[in-house]
Each structure stands twice: as structure tokens, then as C-alpha cells.
């Protein structure tokens, strides 16, 4: 096959490639290469209880070549504690047979089959068809035989299990396992300011280079030491935040200027020992530094459980049974004393492990299911650092203290919740069932949370209820991580589909879930009103933006409801617990603001692809969004020019846009749109660049004698249009179609040849740079075009522009269609336009181009997401929910979690306590919680309000509500006289001149006051309850 035009050939081969629309968010995390390796791997998952199905779900969503399940055992009712793809009618049927078709629905690109045979160990040769094998719920003897075979045959093996609130994972990926990219972070790059003769590189303008010791870099565009350009990667040593050394540079000449350094991701090689060796001398990762000695003990304890099962017909110890626990402790002590390194055992922990061995908790399955699936993907893709080699985790803090557990209360009852009752007892199960919870968001985190709640039986009792709200509809790119949705659901409401799926998983939820489609915010307080909030036991956020999180957080503080907060970004995840009167809230700490680029960098001096993408995104706005909106306002608002424009300030520019869109460039046919796009190409990529080089010629110098075009300023080259260049033509195609969309002109179905024919027949006038044009040369100097000049010629020009516009009435009913930016529709030309516009500008400035995929990621500000992190994070959140249900008020029992699966890193910390304050009252010192406390009063007159605080020992100096100042101690008597007898609500209406809305039950007042020491004190706000 001849490759005349590689760009077009790539388009033709797409069928066999990865489906980007389905995997889009995941591709950003995993990268194309790793995705391709994954999609040629066959994976076997053994054991189809809750943990096995979580792993199978996450692996299927990620997309591997094939997924095979093995578990011939019959379904029992207690499996439904955590196995979300089983139904009560499946009891008695083989687990894998029933589960496989339901896993297969998750991803049509991944064939799911069942591994035949009654026992894996009897025919180990069959395992050679797999690249990776995961064992769950497998006896230790079989683990040893399978792991040994896999190690010898180069098959990656992962072993994982959970026992109640305990769990572990083990990896063996063989000798010399290659990690292609250990962190998944974008390679660092920067501009070189200097390289001295000892090989010390300085970054430009005191910008941090962001490298670490042992990283590798290569160079481009260095002048003087040309030998460094595209050199083999050189290992660096960090000398400071702005400098690093690349070692010996002798024989490379003297540095003259320029240069860009770029980090090169170098593969790492990791050796794994076989399972049999690691059982004796384990290499343990610490997940929680508060439990530093726990992993060694659990390592012994889990082996003791297996030994117990071997002696008891494969059965683990009975729930909360003391005889069985004593036997497990005895076995554990024998194992511990036979170890080379002495392990101190805490009998309480081993006893709990025995008590809970038959426990099957969905949150633990969600956590280890996320971790284990990511380990499988690491094994088959070589992306990210694997766990080396064991990770143990427990959440004993989640055990309830409000109920008494006993063998009687924990015994199986023949219900779907037996796996949870085994750990917590029946009484606590009833508490879980009678909760009222509010889930805000039904996207990725929301789907996983609903699944967890369905398995836990949350809200299924007579007093239980779940509210779910989400205003979004399901899109195709949601399907690879929002696993309650299927292809047939695209276009439907998320909250409704997710709730229906949760009810199908646990029919006890029928009639217990209320779905809403409203955004939670200030404009929906009549829906989410006081009655609504007061009825809740707690709130769980499943949101993807800071504004909504902050709003819900503030409502939870106001109504004093516990809030569980979590978020993910690629392989990173975090969880936060917010408890009334105990912890700080989500809003107490803030993320750093997003990076933005200086305007003059975008306009004239880009030096990175991010700059050209941001510029192209602005161009999209300027061409297809802003002016059409202005035209519609001009046509629909009477006196638009006199009123709106005068206030806006940039009236000349807006009038020019109106003239262009309504007169000069108004197309009548699709051909006109093609011509318009070709003219825009000329204006942006040739004329503007020529003008820039006329103002600042290539050899110009700055006032200090330095070359103007140096450092971050790259001298551009004008582009000559070439219709055979795919990027040039892509700009014309996307631009013409979007311009046509603005005017409602249909594309008559033209092909690329047709576009070529139209543009090649055009005559483009020669551009001559003008001398009066001013260009800002540096972000530190004022923008010469920003000065508002209201000179006479300007106002005459404005007058002329106004007169050139057709009066709105002459265009009766004519309107434009502004484009609404939508990144996930690949047929709408939006990302195509931005990619072409950005890459053409990158061509101007000799910046390496970005493909459509990367452009879409940056321009669409896509939050990378993968199912594994989401599952894991919601598992951690549910473990905290158990503690809240129990009513724990000791802050030390709670954990905020921080996870990065790529590194891998797991960290837990105690939540930060809410801030406390003091004031001196009449009865002595009073302590207040600055976040959660408030004063509550009835709707009393202002004079009684002031007296109430005076009696507490607080003299009020100011009272305000919203933006209205209602009282100040410095007001004269005449001003205060009328106000003192007024009720607080009337006072607010009187000053603000606005009635209080019907649905509002209270008013918030801010007060400043002095205490008995005559010191200004920070006191909480005051809530006045209205009698309605």
C-alpha cells in the first residue's frame, strides 16, 4: 500500500484503531502507546465475588483485547453483599457464567468469556493464553501453584483478597519488568538562558525547571553548542530551582544563545520475586504511617486464615466466634515464631481478622478492585509504577461502637446483606438501612457511590431514602467510566438512569430513590429548601467543579450536616470528611488558581503549543461566538447602539464586527464561506506576521542592546497558503463550515477537491505592512492599543460605522446562530478548527505541533478520568460513611485520603479541626467554634436584638445583612430612632427596598462587637428565624 499522504491514510485505518470517543478521558491518562499495548492483552480474573467483579468491571472499561472470568462455584445469597451483577434469582448458578454477559455489556470492544474447567491447578498449561492473571478468593495452596507457574512462564500475576475491613494485594511481574513511564506526568520543558563550560544549565527568567535528580533531558535550537541539539538523553543533577547540570560539555564549543530543554522519559527496570519467596520475606508497602507495624502482622494473619480453612474443609472462621478466633491466634503465633525476622503480634488485631474473615464489604471491594485493576493495566501497558510487592490496608476505625457486636448479632440470616452483617451485626445494618442521604452528581463518582450504597443496603429501610440530582445528560465519552450507563442510554438524564440501574442491582431500593435534575445552587433554593436540608442525615458530593462543591459545602455548614467530599484527576484521588462542630469544611482550604498566559505572549510571542492552543480557542470565540451574539443583540434590542455599546467601551471593535457580519462578509452561498475562510487564513498567518516583523525586524535590538528576538520571543515566518497541505486545508474546511453554521447556510455535501478548487481560483491581494500599527512588546509595558482615545476622528469613524449598518427593521426576523463550543462531538468541526488554527500558528513560530487529541485535551480543559481511581475513591468515602452512621465524634477515628495510583502512593491523615475562638462574656471566657457555631434569634425588633448581645457581654458596633448596613454605633440618634422598634425582617426590607422571598425561612446577619475587654472579637453570624 503506497503512503502518498500519511494524514489521509491514518483517517482510513481508524477502523482497527482505538475508539477515541469512547476512551477519550482515559487516553489522556494512559497515552496512546500504553492503550495500544493494553488492547493486545488477554486477562484472566479468578473468583467472581464482589472483589473479582470490581476488577473485571474496571478492566473491561479500560479496554483490553479479551477478558476471561473463572469461578465455577454456585452463587449464594450472601454474595449479593458486594457482587453487583448478581440477582437473587441467580442463586445456585455458576458465578462466572452468570456474571460474564453482564460484564460484556460494559464495553462492546472487549470480548468477555468464561474459562472452562473445574480446577485451574489441574491444567496449568491453559494459563499460557493469558498475559495477566488475577486471583481472588483462591486457597493459598492453589495461589502458590498458579503463581509459581506464572512466574516461570512470564505471565504477570496479581493476588488480592478482602476479609471484612481488611484487604491486601500482591504483585509478581517477573524479572526485568519494564516501566515505560513511571509517573504519567507530562515531560517538563523550558527555555535555556545559559549553559556554562562546566555543563550548568540555567532556565530563562528565573522560571523553575521542575526537574528532579536522575531525570534525563535533550535539547533543541541551541546555538553555539549545536552538538546538544537532539542529543542522546543526558542525565541531570539538580543544582537549584533554576539550574541543573548535564555533566561534561567539553568539545561542544561555546554557548551563544537560544535553546529549549525537554525531559525524556526513560524506561525503568524492576525485578519481582516469586510469590513463594515473598511469602517468607515480604516486601511491604506502607499505606498508612499511623499503622506502621500493621502490614507484617496482617501478612501473618492472612496466612493463618488460610491454614485454618485448610483444616476446616475450606471454611474460614465463623463471624465473631471466639473458639475459631483462638485457633487462628494460635496458628498465627506459630507462624510468627517460625519467621526469620521476629514479628510482634497484637492479638486484638488477629482476633478481629478472624471475627471478620467471612465478611464481604463492598467498600473494601471497591478500593482493592480499583487498585488491582490498575495493577493489571500497569502490567500489560508498562505505564506507571507497580506496587512492589505487597500492600495491606485495614479500616478497623470503621467498626461501630454504638452497637454491641456478638456471635448472635453477626450470624448469617440468609439475606443479601450477610457479608456486611458478619462484620457489623444486624443492629448496625438496620441503622444503614434507615438513613436519608443526598448524592449531588450522578457522573463517574456518582455511579460508583450509588453502586456502593445499593450493595450496603443504604436507604432500604422503612425510614430510608436517597436523593440524587444531576442536570446532565449522558454522552458517549461517559461510558468508559460511568459504568451504570450503556450505549442505549446516551442522551438520557444521568440521575434517572443511574437510579434505575441501582434499583436493578438491589430491588430493595425500589421506591426509595428520588431523582432530580436540578443544579444545586443559589437559584434552586426554592427546590432544595429548608425542609429538604433538615430532613437529610448527610450529603455526599460527586461533583467535578469547585464552585458547586463550595456551594454545597456552605449549605452543609449552615444546616450542620456531615459532608463526604472526593475528587479524582487521572490516577490521583482525594477524599475529605466534613463533620459538624468537629472538622474544618471544604471551603476552609483552597487550591492554587489556574495558570494563565500574559496577553502579549498569546497575541505576538508564543513559545509553547499551549500558547497557540489558547490563541486558537480565542480565535474560535472571535470568529463564531462573540460577533454573532452581538449581531443578534443589535437586531433584537431597541437602542442597542446608544445603550449597550456606550457601556462596553470597545464600541469601535464591536461596530466593525457588526459591519463585517451584516455587510462586508455576509455570505449568500457556501462558496462565500469558503472564500471567507481563505481570507481569514491570509489575515492571521501571513498579514499579521508580516506586520509584526515590520514593527520588530528579525535583527532588531532591545533598549539594552540585546537581540529582540531571543529567549522566549521566537521570530515568526509568514505562511504561504498551499491547498495540498492537509493542515492548511483543514483550517479552510472547518472555518467555512462554522461560518456557514452562523448564517444557517447548508453545506451542499462538498468534498476536499471542491474546497481546493474554490480557494485555488481566488486572487489574494499583496499585503503591505502599515506604519501606524502599535504592538505591545512586553507584558510589563502598557498596551498601546488599550488607551481610550475619544478624539474627533474616532467619533467620526464610529459615526461612519453606525451609518454603514442596515437598520434592524430592514432585516425583519433575521438572526445568526452563535456556535456553542462542544468538545465531544467529532462531527461539529469545533476541535478540528482549533487544532488547525493552533498548528498553523505553531508553524509560524516553529513550535512542534500537537495532534487533535492533545489539542482537544487543552482547549476543552478535559479532566482526565479513569474508572480505577473513581472506584477506589468511593470505596474510601464509604468507609468514612460507616463512621458517620455510627456517630463517632473523635476526630482521630476519621481519615482524609490522598492517593496516586501511578506512583503508587497511598496516604491518610486526620482531618483538620474546625477553628475555635474566645471572647470574654459577663460570666467569664466563652469558647466558640468559628465555623459551625451561630447565634439563633426570633424575628425581634432591633433594640431587643442589641440588648440580647449586651446581656451576653457583647456590645454591638455594626449589623449588616448581605450588602445592606442596618445599624452602626456611630449613626446619629435621628437615624437610629426609626429603626430601633422595627423587626429585623422589616428593617432588611426597608433598607434593601426588596421583599424577602416567600420560600426563605431565615435571614443571616453579620455583626461586629466588642467583648468585656473592649476588644473587637470575631463572633459567628446571627440567624433570625422568620415566623411563616
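Residue numbers (our numbering): 63 to 1090.
Idealized CB from N, CA, C, for every residue including glycine.
#1: What first and last residue would you give for the alpha helix (DSSP H) that runs through residue 437?
#2: On the DSSP bridge list, what partners appear for residue 221?
#3: Does the beta-carbon of residue 418 have 16 or more other beta-carbons within 10 angstroms, so that it is buried, or is it exposed?
#4: Examine the Cβ distances between the stretch 481-495 and the stretch 531-547 and report whether three or more of them are shorter than 8 Å.
#5: Closest to residue 993 by C-alpha separation, out of 618, 288, 508, 360, would be which residue?
#6: What residues are listed by DSSP as bridge partners for residue 535?
#7: Where does the unbroken alpha helix (DSSP H) through residue 595 begin, and where does it stop?
#8: For the beta strand (DSSP E) holding residue 999, just list the boundary residues, first then last.
#9: Evaluate residue 351 with the Cβ neighbour count: other Cβ atoms within 10 Å of its Cβ, from every protein chain shown; 16 or more gives buried, anything less gives exposed.
#10: In chain order, what are the residue ranges of uninterrupted alpha helix (DSSP H) at least 4 long that sit wholly in the stretch 495-531?
#11: Helix, strand or coil: which one does DSSP assign to residue 824?
#12: Compare the Cα-Cα distances from residue 385 to each of 880, 924, 416 and report the closest residue.
#13: Identify the continuous beta strand (DSSP E) that holds residue 454 and give its terminal residues.
#14: Cα separation between residue 574 and residue 233?
#15: Measure the C-alpha to C-alpha separation of residue 979 and residue 1078 and round it to an integer number of angstroms.
#16: Can you grab the Cα-Cα spacing for the pair residue 793 / residue 838, in whole Å?
#17: Going straight from the alpha carbon of residue 200 to that of residue 478, what length do you get?
#18: Where residue 128 and residue 117 are concerned, what is the direct C-alpha to C-alpha distance, given to the nearest angstrom?
#19: Please classify residue 1139: does DSSP put it in a helix, a strand, or coil?
#20: Check each candidate in 338, 946, 960, 458 and name the one with the smallest Cα separation from residue 636.
#21: Measuring CB to CB, does residue 729 end up less than 8 Å from residue 805?
#22: Under a three-way DSSP split, which group does residue 143 fall into?
#23: With C-beta atoms as the reference, is residue 136 less than 8 Å away from residue 154?
#24: In chain order, what residues of the same chain lie with their CB nearer than 7 Å to the CB of residue 376, ignoring the 5 residues before and after it?
#25: Could you compute how far the alpha carbon of residue 1016 sits from the alpha carbon of residue 1076?
#26: Assuming residue 449 and residue 397 form a contact by the criterion Cβ under 8 Å, report the distance between their Cβ atoms to the nearest whole angstrom.
#27: Is it buried or exposed for residue 525, if we count other Cβ within 10 angstroms and need 16 for buried?
#28: Can you give me the start and stop residues for the alpha helix (DSSP H) that residue 935 sits inside?
#29: Note down, in chain order, each residue of its chain lying with its Cβ closer than 7 Å to the Cβ of residue 1084, except the 5 sequence neighbours on either side.
#30: Going by DSSP, name the residue or residues bridged to residue 1060.
#31: The alpha helix (DSSP H) that contains residue 691, what's its start and end?
#32: For the beta strand (DSSP E) containing residue 917, list its first residue and its last residue.
#33: Can you find at least 3 beta carbon pairs, one from the stretch 922-934 and one from the stretch 587-601, that sit closer than 8 Å?
#34: Using a Cβ-Cβ cut-off of 8 Å (strictly less than) and excluding sequence neighbours within five positions of residue 222, which residues of its own chain qualify?
#35: Between the Cα of residue 423 and those of 609, 1062, 144, 307, spot the shortest distance and give me the residue it belongs to.
#36: Does DSSP put residue 1086 in a helix, in a strand, or in coil?
Inspection of the coordinates gives the following:
#1: By one-based count along the chain shown, residue 437 stands at place 375. Unbroken alpha helix (DSSP H) run through residue 437: 424-443.
#2: For this step, residue 221 is matched to residue 159 along the chain shown. Residue pairing by DSSP places residue 221 opposite 197, 232 in a beta bridge.
#3: For the purposes of this step, residue 418 is taken as the residue at position 356 of the chain shown. Per the 10 Å Cβ criterion, buried.
#4: They do not touch, by the three-pair rule.
#5: Here the question's residue 993 lines up with position 931 in the chain shown. Ranked by how close their Cα comes to the Cα of residue 993, the residues 618, 288, 508, 360 have 618 in first place.
#6: For the purposes of this step, residue 535 is identified with residue 473 of the chain shown, where counting begins at 1. Its beta-bridge partners are 555.
#7: Counting from one through the chain shown, the residue named residue 595 turns up at place 533. Where residue 595 is concerned, the enclosing alpha helix (DSSP H) stretches over 592-596.
#8: Translated into the one-based positions of the chain shown, residue 999 becomes position 937. Element bounds for residue 999: 997-1000.
#9: Within the chain shown, the letter at position 289 stands for residue 351. Burial call: exposed.
#10: With a minimum length of 4 residues, the unbroken runs of alpha helix (DSSP H) contained wholly in the stretch 495-531 fall at 506-518.
#11: Position 762 of the chain shown, counted from the first residue, corresponds to residue 824. Residue 824: coil per DSSP, three-state reduction.
#12: Locating residue 385 in the chain shown gives position 323, where the first residue counts as 1. Nearest of 880, 924, 416 to residue 385, Cα basis: 416.
#13: Translated into the one-based positions of the chain shown, residue 454 becomes position 392. 452-456 is the extent of the beta strand (DSSP E) around residue 454.
#14: One-based indexing of the chain shown puts residue 574 at position 512. One-based indexing of the chain shown puts residue 233 at position 171. Residue 574 and residue 233 have their C-alpha atoms spaced approximately 41 Å apart.
#15: As a first step, residue 979 must be located in the chain shown, where it is residue number 917. As a first step, residue 1078 must be located in the chain shown, where it is residue number 1016. When rounded, the separation of the alpha-carbon atoms in residue 979 and residue 1078 is 12 Å.
#16: As a position in the chain shown, residue 793 is number 731, starting the count at 1. As a position in the chain shown, residue 838 is number 776, starting the count at 1. Looking at the backbone, the Cα of residue 793 and that of residue 838 are separated by about 27 Å.
#17: Reading the chain shown from its first residue, position 138 is the one you call residue 200. Reading the chain shown from its first residue, position 416 is the one you call residue 478. So the two alpha carbons sit approximately 22 Å from each other.
#18: Within the chain shown, residue 128 is the residue found at index 66, counting from 1. Within the chain shown, residue 117 is the residue found at index 55, counting from 1. Cα atoms of residue 128 and residue 117: separation of roughly 14 Å, rounded to the nearest angstrom.
#19: Because the chain spans 63 through 1090 in this model, residue 1139 falls outside it and cannot be assessed.
#20: By 1-based counting over the chain shown, the position of residue 636 is 574. When each option's Cα is compared against that of residue 636, the closest is 960.
#21: Counting from one through the chain shown, the residue named residue 729 turns up at place 667. Counting from one through the chain shown, the residue named residue 805 turns up at place 743. Taking 8 Å as the cut-off, the Cβ atoms of residue 729 and residue 805 count as close.
#22: As a working note, residue 143 is residue 81 in the chain shown. Helix at residue 143.
#23: By 1-based counting over the chain shown, the position of residue 136 is 74. By 1-based counting over the chain shown, the position of residue 154 is 92. Contact flag set, yes.
#24: Working through the chain shown from its first residue, we reach residue 376 at position 314. For residue 376, same chain residues with a beta-carbon under 7 Å away, outside a window of 5 residues either side, are 201 in chain order.
#25: Walking along the chain shown from the start, residue 1016 turns up at place 954. Walking along the chain shown from the start, residue 1076 turns up at place 1014. Computed Cα separation, rounded: 9 Å.
#26: The residue labelled residue 449 in the question sits at position 387 within the chain shown. The residue labelled residue 397 in the question sits at position 335 within the chain shown. About 23 Å separates the CB atoms of residue 449 and residue 397; that is not less than 8 Å, and the two are not in contact.
#27: Here residue 525 corresponds to residue number 463 of the chain shown, with the count starting at 1. Looking at its Cβ environment, which holds fewer than 16 other Cβ atoms inside 10 Å, residue 525 is exposed.
#28: Mapped onto the chain shown, residue 935 falls at position 873. Element bounds for residue 935: 929-948.
#29: Numbered from 1 along the chain shown, position 1022 holds the residue referred to as residue 1084. Cβ neighbours of residue 1084 beyond the five flanking positions: 996, 997, 999, 1067, 1069.
#30: To locate residue 1060, count along the chain shown from 1; it is residue 998. In the DSSP output, where bridge partners are listed per residue, residue 1060 has none listed.
#31: Locating residue 691 in the chain shown gives position 629, where the first residue counts as 1. Run containing residue 691: 688-698, per the alpha helix (DSSP H) assignment.
#32: For the purposes of this step, residue 917 is taken as the residue at position 855 of the chain shown. For residue 917, there is no enclosing beta strand (DSSP E); the enclosing alpha helix (DSSP H) has its first and last residue at 914-921.
#33: Contact fails: fewer than three Cβ-Cβ distances are below 8 Å.
#34: Numbered from 1 along the chain shown, position 160 holds the residue referred to as residue 222. In chain order, 113, 117, 196, 197, 198, 229, 230, 231, 232, 430, 433, 434 place their CB closer than 8 Å to the CB of residue 222, counting only its own chain and leaving out the 5 sequence neighbours on each side.
#35: Here residue 423 refers to the residue found at position 361 when the chain shown is read from its first residue. It is 144 whose Cα lies nearest to the Cα of residue 423.
#36: Within the chain shown, numbered from 1, the residue matching residue 1086 stands at position 1024. Three-state DSSP puts residue 1086 in a strand.
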